[in-house]
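Shown next, in C-alpha coordinates, is the structure this report addresses.
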Amino acid sequence: MTYPVTYYCPHCEAVVELERDGYLADKSVTPYPLEGWTYVDADDDVESADGVRFVCGEDGTLRDDESGCGNPFYLSYVRYENGEEVEPVPESEYVRIGR
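Its first residue numbered 297, the sequence shown is counted upward by one per residue in my numbering.
Dropping the structure here:
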(Lines of atoms letter the chains of each structure in order from A and count residues from 1; the text may use other names and numbers.)
(Lines give C-alpha, C1' and ligand atoms only; values in the text may rest on other atoms or scores of the structure.)
Protein backbone atom coordinates (compact mmCIF):
# COMPACT_ATOMS: atom_id res chain seq x y z
CA MET A 1 0.00 0.00 0.00
CA THR A 2 1.33 3.45 -0.87
CA TYR A 3 1.00 6.68 1.08
CA PRO A 4 1.55 10.35 0.21
CA VAL A 5 4.63 11.60 2.09
CA THR A 6 5.69 15.26 2.12
CA TYR A 7 9.15 16.84 2.30
CA TYR A 8 10.48 20.39 2.45
CA CYS A 9 12.95 21.67 -0.12
CA PRO A 10 16.09 22.62 1.86
CA HIS A 11 16.66 25.58 -0.49
CA CYS A 12 13.29 27.37 -0.46
CA GLU A 13 11.09 25.30 1.92
CA ALA A 14 8.50 24.50 -0.77
CA VAL A 15 6.59 21.30 0.01
CA VAL A 16 6.86 18.31 -2.33
CA GLU A 17 4.75 15.17 -2.14
CA LEU A 18 5.79 11.64 -3.05
CA GLU A 19 3.58 8.56 -3.21
CA ARG A 20 5.52 5.58 -1.80
CA ASP A 21 5.35 2.43 0.28
CA GLY A 22 5.28 2.82 4.04
CA TYR A 23 8.07 0.32 4.75
CA LEU A 24 10.78 2.68 3.49
CA ALA A 25 12.61 4.55 6.27
CA ASP A 26 13.91 8.07 5.62
CA LYS A 27 17.49 8.93 6.56
CA SER A 28 17.65 12.61 5.53
CA VAL A 29 16.68 15.32 3.06
CA THR A 30 19.72 17.29 1.93
CA PRO A 31 20.71 19.79 -0.78
CA TYR A 32 23.43 17.32 -1.89
CA PRO A 33 23.54 13.55 -2.52
CA LEU A 34 25.07 11.28 0.10
CA GLU A 35 28.28 9.57 -0.98
CA GLY A 36 27.60 5.94 -1.91
CA TRP A 37 23.80 6.30 -2.24
CA THR A 38 22.05 5.77 -5.59
CA TYR A 39 19.13 8.03 -6.54
CA VAL A 40 16.24 7.91 -8.98
CA ASP A 41 14.01 10.72 -10.22
CA ALA A 42 10.69 11.20 -8.44
CA ASP A 43 8.72 9.76 -11.39
CA ASP A 44 10.83 6.56 -11.51
CA ASP A 45 10.55 3.48 -9.28
CA VAL A 46 11.39 5.22 -5.97
CA GLU A 47 11.79 1.87 -4.22
CA SER A 48 14.53 0.65 -6.56
CA ALA A 49 17.29 2.94 -5.25
CA ASP A 50 18.72 4.33 -2.02
CA GLY A 51 16.85 7.60 -2.43
CA VAL A 52 15.07 10.11 -4.65
CA ARG A 53 16.42 13.15 -6.51
CA PHE A 54 13.90 15.98 -6.65
CA VAL A 55 14.12 19.11 -8.77
CA CYS A 56 12.07 21.67 -6.88
CA GLY A 57 9.22 22.90 -9.05
CA GLU A 58 10.28 21.02 -12.17
CA ASP A 59 9.42 17.37 -11.51
CA GLY A 60 5.67 17.57 -10.80
CA THR A 61 5.92 16.79 -7.07
CA LEU A 62 5.09 20.25 -5.66
CA ARG A 63 1.84 20.77 -3.86
CA ASP A 64 -0.66 22.82 -5.89
CA ASP A 65 -0.22 26.00 -3.88
CA GLU A 66 3.61 25.89 -3.90
CA SER A 67 6.17 27.41 -6.25
CA GLY A 68 9.63 25.93 -6.53
CA CYS A 69 13.18 27.24 -6.85
CA GLY A 70 14.43 24.81 -9.54
CA ASN A 71 17.28 23.46 -7.38
CA PRO A 72 17.89 19.74 -6.92
CA PHE A 73 17.68 18.12 -3.49
CA TYR A 74 17.87 14.56 -2.24
CA LEU A 75 15.79 12.24 -0.08
CA SER A 76 17.99 9.44 1.25
CA TYR A 77 16.60 6.22 2.71
CA VAL A 78 18.18 4.28 5.55
CA ARG A 79 20.58 1.69 4.07
CA TYR A 80 21.83 -1.55 5.57
CA GLU A 81 24.88 -3.63 4.69
CA ASN A 82 25.52 -6.95 6.45
CA GLY A 83 22.71 -6.14 8.90
CA GLU A 84 24.26 -2.83 9.99
CA GLU A 85 22.93 0.64 9.20
CA VAL A 86 25.25 2.50 6.84
CA GLU A 87 26.25 5.99 7.94
CA PRO A 88 27.09 8.51 5.23
CA VAL A 89 30.77 9.23 4.68
CA PRO A 90 31.63 12.89 5.34
CA GLU A 91 32.78 14.93 2.38
CA SER A 92 36.48 14.49 1.77
CA GLU A 93 36.97 18.12 0.78
CA TYR A 94 36.01 21.16 2.80
CA VAL A 95 34.58 24.25 1.17
CA ARG A 96 35.18 27.74 2.51
CA ILE A 97 32.26 30.11 2.22
CA GLY A 98 33.19 33.79 2.36
CA ARG A 99 35.75 35.36 4.63
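Glycine included, each C-beta is placed from N, C-alpha and C at the ideal position.
For residue i: DSSP bridge partner residues
| i | result |
| --- | --- |
| P300 | E315 |
| P368 | V351 |
| E380 | E377 |
For residue i, three-class secondary structure by DSSP
| i | result |
| --- | --- |
| D339 | coil |
| T334 | coil |
| D363 | Checking the sequence, you will find Ser at residue 363 rather than Asp. Here S363 sits in coil by DSSP. |
| V374 | coil |
| S324 | strand |
Close beta carbons around residue i, own chain, < 6 Å, minus the five adjacent residues each side
| i | result |
| --- | --- |
| V382 | R375 |
| S372 | K323, S324, L330, W333, G347 |
Cβ neighbours of residue i in the same chain (closer than 8 Å, five flanking residues each side left out)
| i | result |
| --- | --- |
| E343 | R316, D317, L320 |
| C352 | C305, H307, C308, A310, V312, L358, G364, C365, G366, N367, P368, F369 |
Status (buried if at least 16 other CB within 10 Å, exposed otherwise) for residue i
| i | result |
| --- | --- |
| S363 | exposed |
| T298 | exposed |
Contact set for residue i: own chain, Cβ-Cβ below 7 Å, skip 5 residues either direction
| i | result |
| --- | --- |
| A345 | T334, Y335, V336 |
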